[in-house]
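So the sequence shown is numbered by this note's numbering: it starts at 6 and just counts up by one.
Positions of the beta carbon are idealized from the N, C-alpha and C atoms, including for glycine.
These numbers come from a predicted model, not from an experiment.
In what follows, a structure is listed as structure tokens, so that the remarks can point back to it.
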Amino acid sequence: MYIIPEQRKQKSFLSLNLLLFMVLFLSSTAIYCFYIAKTNIALLITMLTVFIYFIALCKKNSVSIFRVLKYYLNWRNNQQLYIYQRKLLAEKGSNNNETVIL
């Protein structure tokens, strides 16, 4: 069955609204658990809320969740590599009596 683009847009808009409603509901539940009931489940609910909000942002921007995670992991690995290279440069600089600012 072929879906008309207007229907597809309306369907994604409804799913986005549902995700945002879940974010609001879970965040209010987390606030209740943390401040009123004084339970530790608030952290779990907050983490779930952040994850759902992340999914909602990916859907809103029409980006694959896996592409975002892959980009983040590559960025994180590049940061670790940069730190390692700076440490090696600092060790090499100290051997040659040069000053290297980290």
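Asked	Found
Identity of the residue in 30, 41 and 75 nearest residue 53 by Cα	30
Inter-residue spacing [alpha-carbon to alpha-carbon] between residue 28 and residue 71	20 Å
C-alpha gap between residue 61 and residue 93, whole angstroms	41 Å
Three-state secondary structure assigned by DSSP to residue 83	helix
Sequence-distant residues of the same chain with beta carbon closer than 6 Å to residue 58, five excluded per side	28
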